[in-house]
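A.B. asks: First to last, the protein sequences are chains A and B. Numbering-wise (our numbering), the first sequence opens with residue 77 and increments by one. Numbering-wise (our numbering), the second sequence opens with residue 102 and increments by one.
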Amino acid sequence: MLTRGFFGRKRPQPHRPLPPGQYLENGFPVLSAGPTPRVDLDKWTFAIENQGARLAAWTWQEFLALPQTAITTDIHCVTKWSKLDTEWKGVTIDTLLQAAGMESRDGYVMAFCDGGYTTNLPLKDLIDGKAMVAHQYDGAPLRPEHGGPARLLVPHLYFWKSAKWVRGIRLMHADAPGFWEAYGYHMYGDPWKEQRYSYD
Amino acid sequence: MHERANRPGPWQTALVSNVIDETYRAKTLTLELPAWRPFIAGQHFDVRLTAPDGFQAQRSYSIASPPERTGAIDITVELIPEGEVSPFFHEIVRPGDRLEVRGPIGGPFTWNSNMGGPLLLLAAGSGIVPIMSILRHRAIAARRVRATLLYSSRSMHDVIYRAELDDMDASDPNAAIWHTLTRSPPDGWKGYSRRIDETMLEEVTRDLDDRGWTYVCGPASFVELTANILVDAGRRPESIRTERFGPTGR
Ligand SMILES: Cc1cc2nc3c(=O)[nH]c(=O)nc-3n(C[C@H](O)[C@H](O)[C@H](O)COP(=O)(O)OP(=O)(O)OC[C@H]3O[C@@H](n4cnc5c(N)ncnc54)[C@H](O)[C@@H]3O)c2cc1C
Numbered sequence: 077m078l079t080r081g082f083f084g085r086k087r088p089q090p091h092r093p094l095p096p097g098q099y100l101e102n103g104f105p106v107l108s109a110g111p112t113p114r115v116d117l118d119k120w121t122f123a124i125e126n127q128g129a130r131l132a133a134w135t136w137q138e139f140l141a142l143p144q145t146a147i148t149t150d151i152h153c154v155t156k157w158s159k160l161d162t163e164w165k166g167v168t169i170d171t172l173l174q175a176a177g178m179e180s181r182d183g184y185v186m187a188f189c190d191g192g193y194t195t196n197l198p199l200k201d202l203i204d205g206k207a208m209v210a211h212q213y214d215g216a217p218l219r220p221e222h223g224g225p226a227r228l229l230v231p232h233l234y235f236w237k238s239a240k241w242v243r244g245i246r247l248m249h250a251d252a253p254g255f256w257e258a259y260g261y262h263m264y265g266d267p268w269k270e271q272r273y274s275y276d
Numbered sequence: 102m103h104e105r106a107n108r109p110g111p112w113q114t115a116l117v118s119n120v121i122d123e124t125y126r127a128k129t130l131t132l133e134l135p136a137w138r139p140f141i142a143g144q145h146f147d148v149r150l151t152a153p154d155g156f157q158a159q160r161s162y163s164i165a166s167p168p169e170r171t172g173a174i175d176i177t178v179e180l181i182p183e184g185e186v187s188p189f190f191h192e193i194v195r196p197g198d199r200l201e202v203r204g205p206i207g208g209p210f211t212w213n214s215n216m217g218g219p220l221l222l223l224a225a226g227s228g229i230v231p232i233m234s235i236l237r238h239r240a241i242a243a244r245r246v247r248a249t250l251l252y253s254s255r256s257m258h259d260v261i262y263r264a265e266l267d268d269m270d271a272s273d274p275n276a277a278i279w280h281t282l283t284r285s286p287p288d289g290w291k292g293y294s295r296r297i298d299e300t301m302l303e304e305v306t307r308d309l310d311d312r313g314w315t316y317v318c319g320p321a322s323f324v325e326l327t328a329n330i331l332v333d334a335g336r337r338p339e340s341i342r343t344e345r346f347g348p349t350g351r
């Protein structure tokens, strides 16, 4: 439907197309349901769990000692902003799964976080270089309001799937909604298909 | 733990039935919805504008009206002069126009009277909008629930819903409205004239039981700072709900 009198502003054109309904943002907005959690790095661990058992866990120092990967990627938030060419550093999920001796590539995971957040993802969306646990943004330690000390980074899905303050992933046989998904946000969240809400 | 918020319906075409100036840079639009559905105070709608060349812009706007009002919602849009969408609401939209909207949307930033209180509400700028829906809902459905609002604005001219808030403060013994004016307080102003800080929060909450709910809404930097002060002051993080409008710039 045409909107009477709306022409859009002459704005810098993104140098590559954005997903539908997104606009280019140069700042870095924040979407959080509550206060930024206080994280004690001495007690921080990242864990991989299956059926209540810990397959592997890393302390902050151990996590930083794992092979590190840098990526430059675009991010797309369900609140409509996109940011191009953002620079991240962290540990790929492939590296973590390999270190944990995990072979399985099927099923789902629930990422869990400080502050009680969770988000659900198919395992196949985390592997083959598609996702990492990032602790640096733009060459500096990730700021707490953006998910520091470490957040999941799954840039091909809407950014709420890149769970802030992440502390681990739990393997699941069947998909189940995480925090925002239980409020009606999409179970998968592909920005190119504009899967914002549950029945998109 | 959380109220289950209602889920968004599909896109629908709303009729703009009224437009009023709240301040020199905030307008309230009444949107009549052919497929109105129940919502919870604090939720928002998405608006989608389409230009003749096919370009589309989507933005979120909180519902200002209470959930008791059926068939239509109010939204209040603050002008961001360099923005793409908010100037359209200020310069172009008039009653009789039609807009594509979708909602209600939004999760934990919601309050329903059966959640009880007391309520500590902290708003800056257009962050007052969803909080006004909460206050209006409370005024209709739960006047026994105590509510304290601390509202940060640049000046008295920037205070949205001022008359209604004054009236609530004067007539409702369980509602307390505080203002702080961060840029140009009027002559003789006896209220606060600085950004929200720990002392101010302590003063306005002095006789408010801290076992209730806290809602913080406004620019990202305001929300971050205020939520941190609250946690430092000993409020339970689980009782604090936040909604951030606009970027942090970093
Ligand atoms: C859940 C949610 C609810 C919202 N509810 C309301 C509401 O009730 N009323 C309301 O007026 N707005 C609300 N907003 C903000 C609204 O969605 C738009 O972001 C806002 O109207 C600006 O859009 P624009 O197209 O005019 O500016 P854009 O073209 O998107 O931005 C122009 C410039 O202004 C900056 N900017 C964007 N928003 C802000 C801001 N709020 N403060 C300062 N700078 C900003 C941008 O970073 C950019 O540099 C809400 C946002 C969210 C996420």
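Ideal Cβ placement from N, Cα and C applies to all residues, glycine included.
(1) Tell me, please, whether the CB atom of B:R312 is closer than 8 Å to any CB atom in chain A?
(2) Using a Cβ-Cβ cutoff of less than 7 Å, which residues in the same chain neighbour A:L117 once the five nearest sequence positions on both sides are dropped?
(3) If you follow the beta strand (DSSP E) that B:A224 is in, where does it begin and where does it stop?
(4) When you compare only the Cα positions, how much space is there between A:T112 and B:G197?
(5) Against chain A, with Cβ distances strictly below 8 Å, would B:F156 count as a contact?
(6) So who's on the other strand from A:F255, going by DSSP bridges?
(7) What three-state label does DSSP hand A:D214 in the structure shown?
(8) Assuming contact is defined by CB atoms lying nearer than 8 Å, are A:G166 and A:V106 in contact in what I supplied?
(9) In angstroms, rounded to a whole number, what distance separates the CA positions of B:E104 and B:I341?
(10) Could you name the residues that DSSP lists as bridge partners for A:Y234?
(11) Starting from the beta carbon of A:F235, find every residue of chain B whose beta carbon is closer than 8 Å, and list them in chain order.
(12) Exposed or buried, which one is B:G289 when buried takes at least 16 other CB atoms within 10 Å?
(13) Use the C-beta contact count for A:M77: other C-beta atoms within 10 angstroms, 16 or more gives buried, fewer gives exposed.
(14) Is B:N329 helix, strand or coil when you go by DSSP?
(15) Taking 7 Å as the cut-off, is the C-beta of A:E179 nearer than that to any heavy atom in ligand 1?
(16) Do B:I206 and A:Y234 have their beta-carbon atoms positioned less than 8 Å apart in this structure?
(17) Kindly indicate if chain A contains any beta-carbon less than 8 Å away from that of B:P338.
(18) Distance cutoff 8 Å, beta carbons only. Does B:F140 sit that close to anything in chain A?
(19) Going by the beta-carbon positions, is the gap between A:G128 and A:E163 smaller than 8 Å?
(20) Expressed to the nearest angstrom, what Euclidean distance is found between the alpha-carbon atoms of B:L200 and A:F82?
(21) Using 8 Å as the threshold, is the region 234-242 of chain B in touch with the region 291-305 of chain B, meaning 3 or more CB pairs across them?
(22) Please report the Cβ distance between A:H222 and A:K240, rounded to the nearest whole angstrom; I am assuming they are in contact, meaning their Cβ atoms lie under 8 Å.
(23) Using a 10 Å radius around the Cβ and a threshold of 16 neighbouring Cβ atoms, would you call B:S285 buried or exposed?
(24) Could you check what DSSP says for B:N215 in three-state terms: helix, strand or coil?
(25) Considering just the uninterrupted stretch of the alpha helix (DSSP H) at B:H238, what are its terminal residues?
(26) Counting only Cβ pairs nearer than 7 Å, list the residues of chain B close to A:W256.
(27) Which residues in chain B have a C-beta closer than 9 Å to the C-beta of A:T148? List them in chain order.
(28) Is the distance from the Cβ of B:N275 to the Cβ of B:R247 below 8 Å?
(29) Counting Cβ pairs, one atom from each stretch, are 3 or more of them under 8 Å apart for the region 166-179 of chain A and the region 135-155 of chain A?
(30) Can you list the residues of chain A that B:Q159 reaches, using a CB-CB cut of under 7 Å?
(31) Can you give me the C-alpha to C-alpha distance between B:T327 and B:R239, rounded to a whole angstrom?
(32) What do you reckon, is the C-beta of A:Y99 under 7 Å from a heavy atom of ligand 1?
(33) I want to see whether chain A comes within less than 8 Å of B:F189, judged by CB atoms only; does it?
(34) Have a look at A:A187 and A:R227 and give me their C-alpha separation to the nearest angstrom.
(35) Any heavy atom of ligand 1 closer than 7 Å to the Cβ of B:I176?
(36) Nearest-angstrom Cα distance between B:R138 and A:Y213?
C.D. replies: Short version:
(1) So, not an interface residue.
(2) Cβ neighbours of A:L117 beyond the five flanking positions: W136 and P225.
(3) Residues L220 to A225.
(4) Near 43 Å, if we compare the C-alpha coordinates of B:G197 and A:T112.
(5) By this cut-off, B:F156 is an interface position.
(6) Note: A:F255 sits in no beta bridge, so no partner.
(7) A:D214 falls in the coil class under three-state DSSP.
(8) Not in contact: A:G166 and A:V106 (Cβ atoms no closer than 8 Å).
(9) For B:E104, the predicted structure reports a pLDDT of 41, less than 50, and the residue's modelled location is therefore unreliable. The matter cannot be settled from this model.
(10) Per DSSP, A:Y234 has no beta-bridge partner at all.
(11) Neighbours of A:F235 on chain B: none; closest Cβ ~13 Å, over 8 Å.
(12) B:G289 should be labelled exposed.
(13) It counts as exposed.
(14) Per DSSP, reduced to three states, the secondary structure at B:N329 is helical.
(15) Shortest gap from the CB of A:E179 to any heavy atom of ligand 1: 7 Å or more.
(16) Contact flag unset, no.
(17) Yes, because at least one Cβ of chain A sits closer than 8 Å to the Cβ of B:P338.
(18) It does not: the Cβ of B:F140 has no partner Cβ on chain A nearer than 8 Å.
(19) No.
(20) So the alpha carbons of these two residues sit roughly 11 Å apart.
(21) At 8 Å Cβ cutoff, the stretches do not touch.
(22) Contact annotation, A:H222 with A:K240: C-beta distance approximately 7 Å; criterion of less than 8 Å satisfied.
(23) Counting the other CB atoms within 10 Å of its CB gives B:S285 a total below 16, which places it among the exposed residues.
(24) DSSP, read as helix, strand or coil, puts B:N215 in helix.
(25) Counting along the chain, the unbroken alpha helix (DSSP H) around B:H238 starts and ends at I229 to A242.
(26) Here the neighbours are G208.
(27) Neighbours of A:T148 in chain B, taken as residues at a C-beta separation under 9 Å, are lacking, since the least C-beta distance is about 18 Å.
(28) Taking 8 Å as the cut-off, the beta carbon of B:N275 is found closer than this to the beta carbon of B:R247.
(29) These segments touch.
(30) Near B:Q159 (Cβ distances below 7 Å), the residues of chain A are G97 and K156.
(31) Near 23 Å, if we compare the C-alpha coordinates of B:R239 and B:T327.
(32) Relative to ligand 1, the nearest heavy atom lies less than 7 Å away from the CB of A:Y99.
(33) Put simply, the CB of B:F189 is near chain A, with a gap under 8 Å to one of its CB atoms.
(34) Computed Cα separation, rounded: 10 Å.
(35) Yes, ligand 1 has a heavy atom inside 7 Å of this Cβ.
(36) Whole-angstrom Cα-Cα distance: 41 Å.
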